[in-house]
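Asker: After the structure tokens below, expect a handful of questions from me.
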């Protein structure tokens, strides 16, 4: 009997060691948006780049696993949302983490539907584009970057001091219809700026191009979007005002709640990388205006904070 127990114990130890070794060899699969500069970029004929690419590699190195990026294309329409796209990719096993995820209560709530379609992703088949995936429950990592809205100024408003949304009075404003910036500007001080606002159609009109041409004087956009414009147009005459709208979201990783051990490992890696200044360094390398995470880690009801009751 003792011999049998000893043999069983040895077998169990060997099996556990084999499982651990297999887990260490298994790639850390991270889903990233293929066209979200300066966070992540995947373009044919060019090396993959971006802040989230650098960070994902560092995370994989810290937890001792090779990195595999699953690129996907985010398209917002009536049947799609960043939350559902991320959940579908994770629930289908395309990746274990989605990077650059905005951490808000709305984006982390249990989905109201049981299934969702996958976004288009590298290697997708025709069947992948048609089928629906049973959704799981999302769980966030700790945040690693703060992503605020900022006012940017066109050439005719250069040098204008902006310390509050009210300082935009008298300027010709442009904003994309249905955006967060639209809600902020339209509802400010009971609609005081409405007569100065021109609405542009996202995907059809070039918001920053219109500001650059001098058609409009200012807009309110995500800071990362301005970083991307500045990188693509080094000679741009659009300037940063230095003003950040006080309500912004942190970004982090999101995985499935059932994969808590991985989230814990990622959090440990993020903590050490932040302490060493590596995350800020990755931001600088990628051309991102890096701002460290702020409290609260997960932003509450955005609309309640913006739109007065």
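Residue numbers (mature numbering (1 follows the signal peptide of the UniProt record, and there is no 0)): -23 to -1, 1 to 286. Backbone N, C-alpha and C fix where the C-beta goes; we use that ideal spot for every residue, glycine too.
Taking the DSSP output, what are the residues bridged to residue 291?
Answerer: There is simply no residue 291 to check, as the chain begins at -23 and stops at 286 in what is shown.
Asker: Would you mind giving the Cβ-Cβ distance between residue 188 and residue 129, rounded to the nearest angstrom? I have them listed as a contact below 8 Å.
Answerer: Confirmed, Cβ separation roughly 7 Å.
Asker: Among 19, 21, 12, 30, whose alpha-carbon lies nearest the alpha-carbon of residue 262?
Answerer: Per the Cα distances, 30.
Asker: Count the other CB atoms, across all protein chains shown, that sit within 10 Å of the CB of residue 3; report buried if there are 16 or more and exposed otherwise.
Answerer: The residue in question, residue 3, is exposed, as its Cβ has fewer than 16 Cβ neighbours within 10 Å.
Asker: Would the beta-carbon of residue 96 fall within 7 Å of that of residue 49?
Answerer: Yes.
Asker: Tell me residue 175's beta-bridge partners as DSSP assigns them.
Answerer: BP columns for residue 175 point to 151.
Asker: How about the region 155 to 174 and the region 245 to 260: do they share at least three Cβ pairs that are nearer than 8 Å?
Answerer: Flag = no, the region 155 to 174 and the region 245 to 260 do not touch.
Asker: Tell me where the beta strand (DSSP E) around residue 47 begins and ends.
Answerer: Start and end: 44 to 50.
Asker: What residues match up with residue 94 in a beta bridge as DSSP calls it?
Answerer: Bridge partners of residue 94: 109.
Asker: Could you pull the start and end residues of the alpha helix (DSSP H) that residue 82 belongs to?
Answerer: Counting along the chain, the alpha helix (DSSP H) containing residue 82 begins and ends at 82 to 85.
Asker: Can you tell me which of the three DSSP states residue 59 falls into?
Answerer: Reduced to three states, the DSSP call for residue 59 is helix.
Asker: In chain order, what residues of the same chain lie with their CB nearer than 7 Å to the CB of residue 278, ignoring the 5 residues before and after it?
Answerer: Excluding positions up to five away in sequence, the list reads 82.
Asker: Suppose the cutoff is 6 Å on Cβ atoms and the five residues either side in sequence are ignored; what does the same chain contact list for residue 205 look like?
Answerer: For residue 205, where only same-chain residues beyond five positions count, the Cβ hits under 6 Å are 14, 15.
Asker: Using a Cβ-Cβ cut-off of 6 Å (strictly less than) and excluding sequence neighbours within five positions of residue 5, which residues of its own chain qualify?
Answerer: Hits under 6 Å: 37, 42, 44.
Asker: Between residue 268 and the rest of its own chain, which residues show a CB-CB distance below 6 Å, the 5 nearest in sequence each way excluded?
Answerer: The answer, listed in chain order, is 123.
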